[in-house]
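The block underneath contains the structure these notes are about, expressed in structure tokens.
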Amino acid sequence: MYKYVIEVNNLKKVYRRQVKEAGLVASIKSIFKPKYEEVEALRGISFNVQSGEIVGYIGPNGAGKTTTLKILAGVLFPTDGEVRVLDENPYKRTKQFLNKISFIMASRGFLEEVAWDIPVSDGFYFVKEIYNIPFDEYRKRVNTLVSMMNIEAILNTPVRNLSHGQRKKAELVANLLWEPRLILLDEPTLGLDIFSQNELHNFLRNYVKDHGATIILTSHSMKDIERCATRVIMIDKGIKLYDGNIEGLKKRICNRKYIKVCIEDEFDNKLDKQIQQIDGVSIISKEENCLTISVEETIAKDIAKRILNQFAVTDITITEPTLEDLVFEIYSKENNNV
Numbered sequence: 003m004y005k006y007v008i009e010v011n012n013l014k015k016v017y018r019r020q021v022k023e024a025g026l027v028a029s030i031k032s033i034f035k036p037k038y039e040e041v042e043a044l045r046g047i048s049f050n051v052q053s054g055e056i057v058g059y060i061g062p063n064g065a066g067k068t069t070t071l072k073i074l075a076g077v078l079f080p081t082d083g084e085v086r087v088l089d090e091n092p093y094k095r096t097k098q099f100l101n102k103i104s105f106i107m108a109s110r111g112f113l114e115e116v117a118w119d120i121p122v123s124d125g126f127y128f129v130k131e132i133y134n135i136p137f138d139e140y141r142k143r144v145n146t147l148v149s150m151m152n153i154e155a156i157l158n159t160p161v162r163n164l165s166h167g168q169r170k171k172a173e174l175v176a177n178l179l180w181e182p183r184l185i186l187l188d189e190p191t192l193g194l195d196i197f198s199q200n201e202l203h204n205f206l207r208n209y210v211k212d213h214g215a216t217i218i219l220t221s222h223s224m225k226d227i228e229r230c231a232t233r234v235i236m237i238d239k240g241i242k243l244y245d246g247n248i249e250g251l252k253k254r255i256c257n258r259k260y261i262k263v264c265i266e267d268e269f270d271n272k273l274d275k276q277i278q279q280i281d282g283v284s285i286i287s288k289e290e291n292c293l294t295i296s297v298e299e300t301i302a303k304d305i306a307k308r309i310l311n312q313f314a315v316t317d318i319t320i321t322e323p324t325l326e327d328l329v330f331e332i333y334s335k336e337n338n339n340v
């Protein structure tokens, strides 16, 4: 029995793409003398994932998130490095391997591609036939997943007549009917309303709990990560920046508190300068008579007392930065160092 569901060691991926200059002459030249450049999408990333984990795999656009998922699913070949998924080489794409994974991308899904004009239930049955799921087992799984995802009302509706959110839910159910051991999710809540997002978060947590599956989740919505993930891997420009839990991220990378201060009159530049002169303080945002500042955690209470003594404060709150705040600060620092 393998120790890890996913083992990635020094993973690298380099794309070779053609470079074209603007203009008709340059376009003609490129036909006979094409120019190419190499783009390093992944630059030596390593990590392991255990069974039952929900890992949030995050980073800005172009960081290498989707490239990593495609390599794990066997859709892309790595340029260098070692990858083992469920103790197999994913790029061999054996039938045994494909029966154990599900790759759900943000773009058009299976039902949209092959079951556009037929009812959702028929699309599910199509999946049953492809994966040779016994009928009794198929019926049991459909009933369970449909109930968990709360989509009973759309089973007889053609896929083309569903809303974006309804299609997302139906696609997720369709991709779990063969009970994959590993689920790769790329932007699962993109375009969903807050109610559908909440349903999806609950669904993912309950599914992992009931089936012992493993999920790698990429998302630009930090709520997805905070509510679902038990672990976070941050990457940027193909390099791993952090691997651990969210609490560890707060303590090790951004050990700060946020203080929101509201005063009787609107803040002016003079007051801004006074606050900025306090050591360990930086202004995050300002709106009319309220100011949000970031301070080192060890001096947060002292700074709050100092502000109360110096200004006519009507309201003051001290909070921990959200994951979105942390990620924004971290990537801002990274970009400033480039």
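Throughout, our numbering is defined as the position within the sequence shown, counted from one, plus 2.
Beta carbons: idealized from backbone N, C-alpha and C, even for Gly.
Taken atom to atom, the span from the alpha-carbon of N311 to that of I185 is near 54 Å. One alpha carbon belongs to T216, the other to E322, and they sit about 29 Å apart. Its Cα nearest to that of T300, the residue K253 stands out among K262, K275, K253 and V263. For the set F330, V283, E326 and K288, the Cα lying nearest the Cα of I309 is the one of V283. By DSSP's assignment, P160 forms a beta bridge with P121. DSSP, read as helix, strand or coil, puts T321 in strand.
DSSP places E39 inside the beta strand (DSSP E), whose first and last residues are K37 to V51. Residue state for V144 is assigned as helix, using DSSP reduced to three classes. Comparing alpha-carbon positions, the option among H213, C230 and P92 lying closest to I8 turns out to be P92. Taking 3 residues as the minimum length, the beta strand (DSSP E) runs contained wholly in the segment 180 to 261 are 184 to 188, 216 to 220, 233 to 238 and 241 to 246, in order along the chain. By the C-beta density criterion, V21 is exposed, having fewer than 16 other C-beta atoms within 10 angstroms.
Membership of D82 in the beta strand (DSSP E) is indicated by the continuous run D82 to V87.
For S109, the secondary structure class from DSSP, reduced to helix, strand or coil, is coil. When the five nearest sequence neighbours on each side are left out, the beta carbons in the same chain lying within less than 7 Å of the beta carbon of G66 are those of A43, L44, I237 and G240, in order along the chain. The shortest CA-to-CA distance from K225 to any of T324, F137, T294 and V144 is the one to T324.
Taking C-beta separations shorter than 6 Å and ignoring five residues to either side along the sequence, the partners of S32 in its chain run K22, following chain order.
In this structure the segment 9 to 17 touches the segment 77 to 93; the number of beta carbon pairs closer than 8 Å is three or more. For I153, no beta strand (DSSP E) encloses it, and the DSSP letter there is neither H nor E. If you ignore the 5 residues before and after Q168, its C-beta comes within less than 6 Å of the C-beta of I156, all in its own chain and listed in chain order. Straight-line spacing of the CA atoms in F128 and A24 works out to 47 Å. Under the DSSP assignment, Q20 falls outside any alpha helix (DSSP H), being part of the beta strand (DSSP E) whose first and last residues are I8 to V21. Taking the CA atoms as reference points, F112 sits about 8 Å from A176.
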